[in-house]
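Numbering (the UniProt record's numbering), first residue to last: 1 to 138.
Cβ coordinates follow ideal geometry from the N, Cα and C atoms, glycine included.
Note that the coordinates shown come from a computational prediction; the quantities given were computed from them, not determined experimentally.
Each remark here refers to the structure printed beneath this line.
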């Protein structure tokens with residue numbers, strides 16, 4: 001872009017210098033000089049318009065390509081992030097299932113431990129009551 005700008009500036013400078021020298025050293029009449037200056041101005045304007053269209057077209061093409069590249073990279077990034085998120089969720093779900101199984105086992109062991117203690121103590125109580133009843137009868 002900077003190269004186009006400096007080329008453009010050089011073109012304008014050259015055209016202005018050429019037109020000025022042409023007027024100073026022109027052996028033609030004023031009318032002929034004005035006609036040549038008009039032609040030169042039209043050519044310069046046409047050249048500037050052509051360069052403007054080319055530059056505009058190049059910028060538009062580059063912008064479209066940059067947008068397309070950005071969208072492609074964004075899609076790839078989102079896809080990768082989604083895949084990673086799925087992996088993390090799957091891992092967390094399996095860990096949660098393991099914790100549930102461990103908790104269930106812990107609760108079962110705990111209830112069995114309490115149940116055997118209460119059964120043993122209630123068995124003693126019943127036996128003690130039965131012994132007492134036998135002693136009272138005997």
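Helix, strand or coil at residue i [DSSP, three-state]
i	result
residue 129	Any answer about residue 129 is weak, because its pLDDT of 45 lies below 50 and its placement is not dependable; what the coordinates show is given next. Residue 129: helix per DSSP, three-state reduction.
residue 29	coil
CA-to-CA distance, residue j to residue i, given in whole angstroms
i	j	result
residue 98	residue 104	10 Å
residue 62	residue 52	15 Å
residue 86	residue 6	54 Å
residue 29	residue 17	20 Å
residue 107	residue 93	21 Å
residue 84	residue 102	27 Å
residue 78	residue 13	51 Å
residue 3	residue 88	51 Å
Within 8 Å, strictly: CB atoms of residue i and residue j
i	j	result
residue 55	residue 15	no
residue 10	residue 40	no
Residues of its chain near residue i, where Cβ-Cβ distance is below 6 Å and the 5 sequence neighbours each way are ignored
i	result
residue 91	none
Same chain, Cβ closer than 8 Å to residue i, neighbours up to 5 away in sequence not counted
i	result
residue 76	none
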